[in-house]
Amino acid sequence: MALLDSSELVWRARDIRCLFLDIDGVLTDGKLYLGPNGEETKTNYVRDGLGIKMMLKAGLHVAVISGRPSETMRQRLSWLGVQHIALDTEDKLPAYLRICDELRLNDQQCAHMGDDVPDLPLMQRVSLALSVADAHPKALNAAHWVSRYNGGHGAVREAIDLILDAQGLA
Ligand SMILES: [Mg+2]
Numbered sequence: 830m831a832l833l834d835s836s837e838l839v840w841r842a843r844d845i846r847c848l849f850l851d852i853d854g855v856l857t858d859g860k861l862y863l864g865p866n867g868e869e870t871k872t873n874y875v876r877d878g879l880g881i882k883m884m885l886k887a888g889l890h891v892a893v894i895s896g897r898p899s900e901t902m903r904q905r906l907s908w909l910g911v912q913h914i915a916l917d918t919e920d921k922l923p924a925y926l927r928i929c930d931e932l933r934l935n936d937q938q939c940a941h942m943g944d945d946v947p948d949l950p951l952m953q954r955v956s957l958a959l960s961v962a963d964a965h966p967k968a969l970n971a972a973h974w975v976s977r978y979n980g981g982h983g984a985v986r987e988a989i990d991l992i993l994d995a996q997g998l999a
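Take 830 as the starting number for the sequence shown in my numbering and just add one per residue.
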């Protein structure tokens with residue numbers, strides 16, 4: 830485990846300018862409900878959405894990188910004000926580097942919250958690697974901090990509260 834003690838956690842959280850998020854298993858519970866015409870339905874947690882709005886309002890950035898396409902998620906994230914959305918992106922690192930470049934940020938200013946193996950390249954790179962209570966063991970192993978909540982059940986909000994609290998923005 831790469832878990833940090835609370836003082837090191839706060840120290841790193843103070844420098845975070847952008848929180849990168851995975852969708853499936855982080856912003857959602859990881860379940861896909863498949864309709865008769867192949868359409869996918871996912872659940873979203875309203876408290877997470879409010880946290881994203883709070884973070885953006887505080888002047889920080891939120892970026893979302895997902896391996897799967899989802900037009901409805903893109904619409905919801907846009908509605909929340911998220912400007913950096915990379916969907917259908919199996920290799921997350923190039924998207925991460927492109928967004929960092931656009932925002933002129935370095936790894937020390939970035940956090941990533943992920944729940945599975947595709948998140949590892951980012952979790953191993955950023956200053957603050959965050960995960961959810963029901964993540965895959967490899968993601969838990971790479972995490973500096975793990976939410977008490979499962980994906981899609983307020984884990985993102987808890988991570989945002991941690992960052993905003995550390996920066997005195999809550
Ligand atoms: Mg995931």
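Glycine is no exception: its CB is placed at the ideal position from the N, C-alpha and C atoms.
What you are looking at is a predicted structure, and each value in this text was computed from that prediction instead of being measured.
DSSP beta-bridge partners for S960?
V975
Open item on the list: Which same chain residues end up closer than 6 Å to D917 when comparing Cβ atoms and leaving out the 5 residues on each side of it in sequence?
Closed with: P898
* To do: Please list, in chain order, all residues with a C-beta atom less than 5 Å from at least one heavy atom of ligand 1.
  => D851, D853, G854, D944, D945
Counted within 10 angstroms of its Cβ, other Cβ atoms place S960 as buried (16 or more) or exposed
Classification of S960: buried, given that the 10 Å Cβ count is 16 or more.
**Request:** Determine the extent of the alpha helix (DSSP H) in which V891 is found, giving its start and end residues.
**Result:** Counting along the chain, V891 falls outside any alpha helix (DSSP H), though it belongs to the beta strand (DSSP E) covering 890-894.
- Task: Pick helix, strand or coil for I881, following the three-state DSSP scheme.
- Result: DSSP places I881 in helix when its eight states are reduced to three.
*Using beta-carbon positions only, say whether H783 and L926 come within less than 7 Å of one another.*
No statement about residue 783 is possible, as the shown extent of the chain runs from 830 to 999 and does not include it.
| task | Taking only the alpha-carbon atoms, compute the straight-line gap between V839 and P865 and give it to the nearest angstrom. | result | 47 Å
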